[in-house]
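Below is one structure, written out as structure tokens; the observations come after it.
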Amino acid sequence: MSTPILATKLYIPPTRPKVVQRPGLIEQLNGGLALGRKLTLVSAPAGFGKTTLVSAWVASCGQPVAWLSLDEGDNDPACFLTYLVVALQALAPHIGAGALAVLQPPQPPSIESLLTALLNEIVTVSDNFILVLDDYHVIDSPPVDQALVFLLEHLPPQMHLVIATREDPSLPLARLRARNHLTELRVADLRFTPSEAAEFLNQVMGLNLTAEDVAALETRTEGWIAGLQLAAISMQGHHDATSFIKSFTGSHHFVLDYLIEEVLHQQPESVQTFLLHTSILDRMCGPLCDAVVLDPAVSGQETLEYLERANLFIVPLDNERRWYRYHHLFGDLLRKRLEQSLASPPLSSPPTGGTEGGSVAVLHVRASEWYEDHGLEIEAFHHAVTANDVERTERLAEGKGMPLHFRGAVAPVLNWLASLPKTVLDANPALWTTYASVLLVSGQQTAAEQKLQSAEAALKGGDSGDKTRDTIGRIAAIRATLALNRYQMETSIAQSQRALEYLHPDNLSFRTFTIWKLGYAYQFQGDRAAARRAYTEANSISQASGNMITTIAATIGLGTLQESENQLHLAVQTYQRVLQLFGDQPLPVANHAHLGLARIYYEWNDIDAAQQHAQQSVQLARQSENADAFVRCEVFLACLKLARGDVAGASAMLAETEQSVRQHNFAQRIPEVAAAQVLVLLRQGDVAAAARLAQTHDLPISQTRVCLAQGDTAKALALLLSLRQQMEAKGWQDERLHAMVLEVVALRAHGEKDQAAQRLGDALALAEPGGFIRLFVDEGEPMRLMISDLRLLIEKQPRGQQHKLLGYVDKLLAAFAQPEGMPPSKTSDLKSELVEPLSQRELDVLRLIAEGLSNHEIGARLFL
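Under our numbering, the first residue of the sequence shown carries the number 846, and numbering increases by one thereafter.
Set out below in structure tokens:
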């Protein structure tokens, strides 16, 4: 379920027909652009014309412009990044395509990973362009500041960033100045000069003031544009402008308070009420104002248009004049007046009509209802929080099919829950579970368990209705996730089954994610059939309910199962579908799909493609909340080094990986590292060390390879027979095939050539549909000789079923002819007694086969 986008945040504020031209400031802005500086900072208090200046400049600078007007909701990093992507898409639609649907997973992606992808795509944009971030002062979020620092540090040369703000942002401004990367406009630059004040007052505002009056007013307001505008509006009702100006005293803050009173008092009572009641809105449109004011005699759209014509500090946000906002300072003061004029008692049932007897909370509830009706649930949530309507806020936080904290609103939901008193939480134990779920998403596992215990304590002595049962189910579902994160699979399965027993059938978000967790736990335990059933069910329900996160997780699970069933072509399609859901964005959870593709391309002998996907996988895994996800990626990369002959590089990489695994106590990953280290040790000839490692971690395949290296083929065959029987009993096709291939090598080394040939035929028949290549090639010269012998046998037999394997066999033999400089495969350096040397006559036969001669021609050539 995607988060609705407020398009009005992306509109460039249109320039007004009458505006004071400021060529000096425009020249400074153009100068910074011409010098290739990264950042333009326009920083000044409210009312100094920052937005007006920047919008006028970008309209005339001749470069494409992306505009983002920020609000408090953008303190959530996911929301900020979402709007950043959408703003850039206005210039280049391909940038960030597909990322928005999965930008807010249960565990939000790394900010740097998304920005890295965006920057890589921005580099492909041919034209220079400008990105404007307006009202940056509303941002009070270190992660967002850090994202902006990262963006500035890696800004492509064709991109220029503009920030308009009331206060300096938390950026390395001193460093940017020192490197000549910063253009700054501040209060001293923005305040009107006497000549600009005269032009504004007399031409723009339509007054007829003397030079002395203009100078006096400019001095009183210190060139403050908002003060001048408010004064001009107030003077439109006064005949003696000179006396009015002389009455001004004190700083501009006190002047503004006085002017607001003058402006409000000059408006009809209905307009005053409209101004006060709609001041709770960050953005306004006619229907929304109608819903908040609830006065049939007042048209929201007509009033907005009147306010714009009257220059009453209202700013149009689109070209159609549908959405508006108040000047920020004007809105702040209106809200203060509203609090003074309307008491704010505890929320009661909202009145059915009119405004008398209303409260600020009632107004926020009306706004929340309108936003919810129009699908803007996060905005509806914010107004419900402000109204202190706990029941409504809880329902909105739950979302329709997916909780809000799964859709980028982690910080707002967490802040709201933290603000609630314990008595409120105890009265509604489901809130405790929501609290735990949000904490879990934000990585605070210990705190999440504490909230679950509080929920259980609050449930004691309560009724046993549907809501109580559902709350019990939620507790179990969250504990299943906690257990899964700790690799406690039995506990996770038990808690998941308990959750599904208690969760309400309509609680699809919890049910689908719980079913996926069951699949993951079953797969980890080796029950692949149960895992497939769970993944399929989770995928079906999540797609129907729009739960993109679970859809992706279940699809990845199905891909791994297809790999394990040797359905490599199908698995590739599945992994590619996952990347399509991401829009090919490098989000951390995509590492699983990239690693799956790397394994398959390696098996198909496309080493370059395997290397590329493996590199992408390890980069993403390093950014993942799942801290041990990188281990499999690095083990695979080490094996690639080994396949390329870089034994020392593989050994060093595995040593670093092992150190990291032990340092972080990732005990469940140690056997994977050890299995790869056994291969390296065998390549290095250190059979004794390889034997100790294989025995310590109980690795049957590794133990078999050690036995072959030691020449103990009988023990190797015994191990393989037991392993193959176990895999056949479990129905594990991938492990069964691996055991069969190694058994072929062991049988030949043991002198059982006929059995080896038979086992090879069986293995080839099993491997051919998936297109396995490296599985055979990596076994080196012993396998090449046996495949060559088998080909000769097939050629001699009457045409039948086995002849269908000839194309596959030829493809394998071609793969054994490694390019120049390609190293020997991982078992080709085993003791020479494992390979029966070819006679000269056999070498002659193979040479003639390579020349393309038929059996009859070979016989004639060799006088057979």
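Note that CB positions come from ideal geometry on N, CA and C, so glycine has one too. It should be emphasised that the depicted structure is a prediction, and the values quoted were computed from it without experimental measurement.
Whether residue i touches residue j by CB criterion (8 Å)
i, j, result
"V1518", "A1535", "no"
"V970", "I850", "no"
"T853", "D1234", "no"
"Q1368", "A1376", "yes"
"R1604", "L1620", "no"
"A1379", "I1401", "no"
"A1521", "C1484", "yes"
"P858", "S900", "yes"
"A1438", "G1490", "no"
"A1292", "L1304", "no"
"A1554", "L1587", "no"
"S1186", "L1121", "yes"
"T1316", "A1328", "no"
"F1355", "A1322", "yes"
"D990", "P1014", "yes"
"L926", "I956", "yes"
"L1297", "T1279", "no"
"Y1169", "P1161", "yes"
Which of helix, strand or coil DSSP assigns to residue i
i, result
"Y804", "Coverage of the chain is limited to positions 846 through 1709, which leaves residue 804 absent and any answer about it impossible."
"T969", "coil"
"Y856", "coil"
"V1551", "helix"
"C906", "coil"
"L978", "strand"
"P987", "helix"
"H1005", "strand"
"M1050", "coil"
"I940", "coil"
"E1678", "Interpretation of E1678 is limited by its pLDDT of 32, a score under 50 that renders its predicted location unreliable; the figure taken from the coordinates is listed afterwards. In the structure shown, E1678 sits in a helix (DSSP, three-state: H, G or I)."
"V835", "The chain is shown from 846 up to 1709; residue 835 falls before or after that span and cannot be answered."
"D849", "Just to set this straight, residue 849 is Pro in the shown sequence, not Asp. It is coil, neither helix nor strand."
"R1170", "strand"
"H1227", "helix"
"L929", "helix"
"D1491", "coil"
"I956", "helix"
"T1094", "Bear in mind that the predicted position of T1094 carries a pLDDT of just 43, short of 50, making it unreliable; the figure below should be weighed with that in mind. If DSSP states are grouped into helix, strand and coil, T1094 belongs with coil."
"S1287", "coil"
"G1652", "helix"
"K1245", "coil"
"E1597", "coil"
"D1607", "helix"
"L1426", "helix"
"F893", "coil"
"A1376", "helix"
"Q1642", "coil"
"S1670", "Residue confidence for S1670 is low, a pLDDT of 40 falling below 50, so the modelled location carries little weight and cannot support an answer."
"L1000", "coil"
"H1209", "helix"
"A1325", "helix"
"D921", "coil"
"R1024", "coil"
Residues that residue i bridges to, as DSSP identifies them
i, result
"M1585", "Beta-bridge pairing links M1585 to no other residue."
"T1010", "S888"
"S914", "D979"
"L1030", "V887"
Supposed contact pair residue j and residue i - C-beta distance, whole angstroms, cut 8 Å
i, j, result
"H999", "K883", "That belief does not hold up - the Cβ atoms of H999 and K883 are roughly 10 Å apart, past 8 Å."
"T1395", "T1357", "5 Å"
"L1564", "C1552", "7 Å"
"A1435", "L1424", "6 Å"
"V1654", "I1618", "About 11 Å separates the two Cβ atoms, so there is no contact after all."
"F1119", "V1138", "6 Å"
"S1124", "G1176", "5 Å"
"L1651", "A1610", "With a Cβ gap of about 13 Å, L1651 and A1610 do not count as contacting."
Inset, instruction - Entirely within the segment 855-888 and at least 4 residues each: give me those alpha helix (DSSP H) ranges in chain order. - result: 868-879
Inset, instruction - Can you check the segment 1113-1176 for any alpha helix (DSSP H) of at least 4 residues that lies completely inside it and give the ranges in chain order? - result: 1114-1123, 1131-1138 and 1145-1154
Legend entry - Every unbroken alpha helix (DSSP H) within the segment 1330-1367, with a cutoff of 4 residues, ordered by chain: 1334-1347
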